[in-house]
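Residue numbers (our numbering): 879 to 1027.
Notes follow once the structure below has been shown.
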């Protein structure tokens, strides 16, 4: 009986030593690598569009976009903003341009007043209608022209 208890004790001690040497029982990493807020998710019959608010100090917006894509149930487009006001202005512009009654001068005025701000805070886009990930997609010739004023 003593021999049996001694063997059990040695096995138990070996398990403890092995456990300590291997770092113990590791819990799965459940911490979210990326922090973001979903501002909008518009689902249509065949696709969905997501607007995401990210931290202004996010170092890997493309990786974050790929992570968000995993939440899509259909083909999707993702827009990343680092300022909620830029998202709101972009939504306002989309609403204006989709309304046939919108005065073209109002659209022109909106662009003059807001294009640069939205361009500075629309960090990236990716999706089936946008193509591969694109950093700061509104920083184009028009953005440069307005910024120079």
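Using N, Cα and C, we set each Cβ at its ideal position, and we do this for glycine too.
Note that the structure is predicted; figures quoted are calculated from it, not measured.
For residue 933, there is no enclosing alpha helix (DSSP H), as DSSP marks it with neither H nor E. Linking residue 928 to residue 995 through their CA atoms gives a straight-line distance of about 20 Å. The Cβ-Cβ distance between residue 933 and residue 913 falls below 9 Å. The criterion of a C-beta distance shorter than 9 Å is satisfied by residue 926 and residue 953. For the pair residue 924 and residue 893, the Cα-to-Cα distance works out to about 54 Å. Pairing residue 1020 with residue 986 gives a Cβ-Cβ distance that is not under 9 Å. Fewer than three pairs of CB atoms, one per stretch, sit closer than 8 Å, so the stretch 962 to 979 makes no contact with the stretch 937 to 944.
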